[in-house]
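In the working numbering, the protein residues as written are 138 to 314.
Working notes, structure below.
And the structure:
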């Protein structure tokens, strides 16, 4: 285990079996997400009236780069169920964290570029040639800012490419420069 683990019990004695259960759950979290730097688990059994029985709270505090994940679940009479539920909730929160991390680091592919090769202004479409020489169809509605009428053969453009019914098709055509 690479991360720092701290387990604390309040109002009851923490047995070796409970410590082992918590350590196993933390190791599973660490295998799932290697970005966890620190884990603090607090197991609490608040004082209650003798006829109500014992309830256990399991709170988990995880330190990850740039964030802290805190898990607080409803108390349960069964300590092992309380541990399981808290660690399941922690795993879900880690999944959310990892999903957010992936979005932040997402790289956007550069839009393809080309030149206007031919225009059919009266029919509302044209063709452009990509830098690799491939010809791509585009419709006047694909030209941004209603700029179809202003296009001239040889103009450099950036566009989004998709597969149309008859081959490659450009959308979001933008004039460069």
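Cβ coordinates follow ideal geometry from the N, Cα and C atoms, glycine included.
These figures come from a predicted structure and were not determined experimentally.
Mind the definition here: the segment 298-305 touches the segment 272-283 only if three or more C-beta pairs lie below 8 Å; say whether that holds. yes
Are the CB atoms of residue 217 and residue 158 nearer to each other than 8 Å? yes
Taking one C-beta from the segment 223-240 and one from the segment 260-271 each time, how about it: are there three or more such pairs within less than 8 Å? no
Per DSSP, what are the beta-bridge partners of residue 262 in this structure? 257, 276
Could you spell out where the alpha helix (DSSP H) holding residue 156 opens and where it closes? 153-169
Pull up the distance between the alpha-carbon of residue 174 and that of residue 141, whole angstroms please. 7 Å
Buried or exposed (CB count within 10 angstroms, at least 16 for buried), residue 265: buried
Within 10 angstroms of its Cβ, does residue 166 collect 16 or more other Cβ (buried), or is it exposed? buried
Along the chain, where does the beta strand (DSSP E) that runs through residue 299 open and close? 293-301
For residue 284, tell me which candidate among 309, 298, 300 has the shortest Cα-Cα distance. 309
Once DSSP output is grouped into helix, strand and coil, what is the label at residue 182? coil
Kindly list the residues whose CB is nearer than 6 Å to the CB of residue 197, restricted to its own chain and excluding five residues on each side of it in sequence; keep chain order. 178, 208, 223, 227
Buried/exposed call for residue 278, threshold 16 Cβ in 10 Å: exposed
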